[in-house]
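Before any comments, here is the structure.
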Amino acid sequence: MKNDNRYTIAEASELTGLSKRALARRIERGQLPAVKDGGLRYITARDLAAAGLVNPRTGAPPAWAGRRVEPSVVAKEVVQTLVQQSVELHDLRRQLRSLVEESRHDDRELRDEIERARRERRQLRRMLEGARAEIADLQQTGD
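Printed below as a string of structure tokens:
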């Protein structure tokens, strides 16, 4: 894949084996996102992969792209992609569970800290009330 992960229509055509016109029609129909920059339309590598025009792992076109092949070849590549995505989803779900648990732990710690602060505030208020009462008593005895 290119370093900046975006391709002109001509570059995407060379990469995918599709004609420039075929890519332009997909863009016009809204099937393939593209951005205009300096008068040229660019397609990101991610969008090419999402459209099934390049392999997301290798950046190369799928084995079946641009030519007629046996359906089993297409099916095999689709299954491989689905298996890879399944593994990635599993890893992401595991990371999410870990983050959720970490968040719950942090929430418990924050609730405990808030409760400690509230207890301390109540204790300080009682101490302040006691100090005010002592001051009032001292002022009365001093009068």
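Numbering (my numbering), first residue to last: 1 to 143. For every residue, glycine included, the Cβ atom is placed at its ideal position computed from N, Cα and C. Bear in mind that the values here come from a model prediction, so they are computed numbers and not experimental data.
Restricting attention to Asp37, Gly38 and Gly30, the CA atom closest to the CA of Asp47 is found in Gly30. With contacts defined as CB atoms closer than 8 angstroms, Val54 and Leu15 qualify as a contacting pair. The alpha-carbon separation between Glu102 and Gln140 amounts to approximately 57 angstroms. Residues of the same chain with a CB within less than 6 angstroms of the CB of Leu110, apart from the 5 flanking positions on each side, do not exist. Leu40 is positioned such that its CB atom lies no closer than 8 angstroms to that of Leu32. Nearest neighbour of Glu77 by Cα position, chosen from Asp91, Asp137 and Ala60, turns out to be Ala60. Here Ile43 is bridged, per DSSP, to Tyr7. In the DSSP assignment, Val87 forms no beta bridge with any residue. Non-local beta-carbon contacts of Val35 in its own chain, meaning distances under 6 angstroms to residues more than five positions away in sequence, involve Tyr42 in chain order.
When DSSP states are grouped into helix, strand and coil, Val79 belongs to the helix group. In the three-state DSSP reduction, Val35 falls in the strand class (E or B). Ala49 is positioned such that its CB atom lies no closer than 8 angstroms to that of Arg6. Judged by DSSP in its simplified three-state form, Val54 adopts coil rather than helix or strand.
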